[in-house]
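Everything on this sheet refers to the single structure shown next.
Residue numbers (this note's numbering), protein chains in the order written: chain A, -3 to 238; chain B, 2 to 223.
Following this line, the structure appears as structure tokens:
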């Protein structure tokens, strides 16, 4: 579904992805963790070319993302992206937020898009917030609208860039619950997160990144019980103790 | 004596109203066209284009950095040397349109840049095209920043339109000049001129202020 082949990326002089090779299978849930600045957000931002890569091959759903002639609009419609800061459109209601792209990109009739939008918002537990503006919603609600916005495009892949990092602790679970449900339905997901409980319970594999390199990738049992690299051990010891 | 002058002034009132109409026509046309062009330039100015962006920027700086009177003179007196002959009215509308477009361009570009980059990223990630992003996500949000100074700019431009009286357009200012030759009471005559500008501008000033208040509160509509 997603294939990185020796992918490199630079921000000016800064080498932020150093030869990433990685395959994600359909219906797989991959959690990516690592210290800040390790390149994990950049990694998933490359998948829908929010960031272009400079070297290597990146093939997503059969489309060659690294080639500049590839039509990204079509591919982006297949990939839902959830941001740390939600990035909901503040001038639109929850329902308008989730129906904009289906109407304008997928060219679905407004009525149909709205009934689908209602269905998905209900699914994430926001059936009573359809006509609220983002300013009237809590962080957890905002992030669930953002997930719904992705889902309304009926994507094949969902990418999550630290979806719970900007949330108050008591709101983290309501977002993770939606993601858990999604994983259960067989969605292909890459989740950048520090929620190790989520990684342990929900993911099929956990990847650890540091300094732009993919240090280790393993199923969660193995990853947490027997990390092979010292850097992974050090990282886990830091985040699992509190 | 005063009464006599006031009576004379009342006789010239139709003349004043004609001038007022001319001021409204020139300002109205220029602001309309200038807003359209200014939005277009502003969008280009806020874009990432390596050619168009600096070109627009240079033109805007040039126009903003030179006196409007000189620009009007160039269009009316110098263009004919290159074979472009314009009547006073179109020359006035063209020069004021250009001035309006340049100021509005800066306001619009600043408005677009005030929208957080995450908005564009979110729109991009759902597959919206560049134009769709602009139309549905970026511009509606930038309008909150753009509208109050835009209306304020209209006030300035309407007053700037008085400059075109220098090339013989019979606007309200020009009517003042012509009248004062018959009614030698400058204060009275130009007082009336000022009142006429004020009548157009004051509602706009109020509008700008109320927009500023409305737009500064968050996105909560119940």
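Think of the CB as a built atom: it goes at the ideal place given N, C-alpha and C, for glycine as much as any other residue.
Predicted model only: the values in this text are computed from it and were never measured.
Item to check | Where the alpha helix (DSSP H) containing residue 99 of chain B begins and where it ends | outcome: 89 to 114
Checklist entry - residue 100 of chain A touches chain B at which residues, Cβ-Cβ below 8 Å? => result 129, 133 and 137
Item to check | Cβ-based burial, residue 35 of chain B [other Cβ within 10 Å; buried from 16] | outcome: buried
Checklist entry - List, in order along the chain, the chain B residues whose C-beta lies closer than 7 Å to that of residue 60 of chain A? => result In chain order: nothing, as chain B lies at least about 17 Å away.
Item to check | Uninterrupted alpha helix (DSSP H) stretches inside the stretch 50 to 82 of chain B (no shorter than 4 residues) | outcome: 53 to 65 and 69 to 74
Checklist entry - For the putative contact between residue 40 of chain B and residue 146 of chain B, defined by C-beta atoms under 8 Å, what is the C-beta separation to the nearest angstrom? => result Rounded, the Cβ-Cβ distance is 13 Å, inconsistent with contact.
Checklist entry - Among all the DSSP beta bridges, which residues are the ones paired with residue 6 of chain A? => result A:11
Next on the checklist: Relative to the C-alpha of residue 163 of chain B, which candidate in B:152, B:154 and B:176 has its C-alpha closest?
Outcome noted: B:176
Checklist entry - Which residue from A:93, A:74 and A:75 puts its Cα closest to that of residue 82 of chain A? => result A:93
Next on the checklist: Is it the case that the stretch 223 to 233 of chain A contacts the stretch 51 to 66 of chain A, given that we only count it when at least three CB pairs across the two stretches are under 8 Å?
Outcome noted: no
Item to check | Listed by chain order, chain B residues near residue 73 of chain A by CB distance under 9 Å | outcome: 127 and 128
Item to check | Residues that DSSP places opposite residue 27 of chain A in a beta bridge | outcome: A:187 and A:202
Checklist entry - Thinking just about the alpha-carbon of each residue, which of A:105, A:13, A:43 and A:97 is nearest to the one in residue 320 of chain A? => result Only positions -3 to 238 of chain A appear in the structure, and residue 320 of chain A is not among them; the question remains open.
Checklist entry - Which of helix, strand or coil does DSSP assign to residue 0 of chain A? => result strand
Checklist entry - Comparing the C-beta of residue 140 of chain A with each C-beta of chain B, is any distance below 9 Å? => result no
Next on the checklist: In this structure, how does DSSP classify residue 17 of chain A when only helix, strand and coil are distinguished?
Outcome noted: strand
Checklist entry - Buried or exposed: residue 85 of chain A, going by 16 or more other Cβ atoms within 10 Å of its Cβ? => result buried
Next on the checklist: For the structure I just gave you, are there three or more beta carbon pairs, one from the stretch 172 to 180 of chain A and one from the stretch 206 to 214 of chain A, closer than 8 Å?
Outcome noted: no
Checklist entry - Where residue 56 of chain B and residue 48 of chain B are concerned, what is the direct C-alpha to C-alpha distance, given to the nearest angstrom? => result 12 Å
Next on the checklist: In the DSSP output, what is residue 60 of chain A paired with across the bridge?
Outcome noted: A:55
Item to check | Per DSSP, cross-strand counterpart(s) of residue 210 of chain A | outcome: A:205
Item to check | Through-space distance from residue 206 of chain A to residue 160 of chain A, alpha-carbon basis | outcome: 21 Å
Checklist entry - Can you list the alpha helix (DSSP H) stretches of 4 or more residues lying completely in the stretch 14 to 49 of chain B, in chain order? => result 14 to 46
Checklist entry - Roughly how many whole angstroms lie between the Cα atoms of residue 107 of chain A and residue 225 of chain A? => result 53 Å
Next on the checklist: Let's see if you can read the secondary structure: which residues bound the alpha helix (DSSP H) around residue 169 of chain B?
Outcome noted: Run containing residue 169 of chain B: none; DSSP gives neither H nor E here.
Item to check | the stretch 17 to 30 of chain B in contact with the stretch 77 to 89 of chain B per 3-pair CB rule at 8 Å | outcome: no
Checklist entry - Should residue 98 of chain B be labelled buried (16 or more other beta-carbon atoms within 10 Å of its own) or exposed? => result buried
Next on the checklist: I need the straight-line Cα distance from residue 71 of chain A to residue 40 of chain A, nearest angstrom please.
Outcome noted: 14 Å
Next on the checklist: Per DSSP, what are the beta-bridge partners of residue 77 of chain A in this structure?
Outcome noted: A:155
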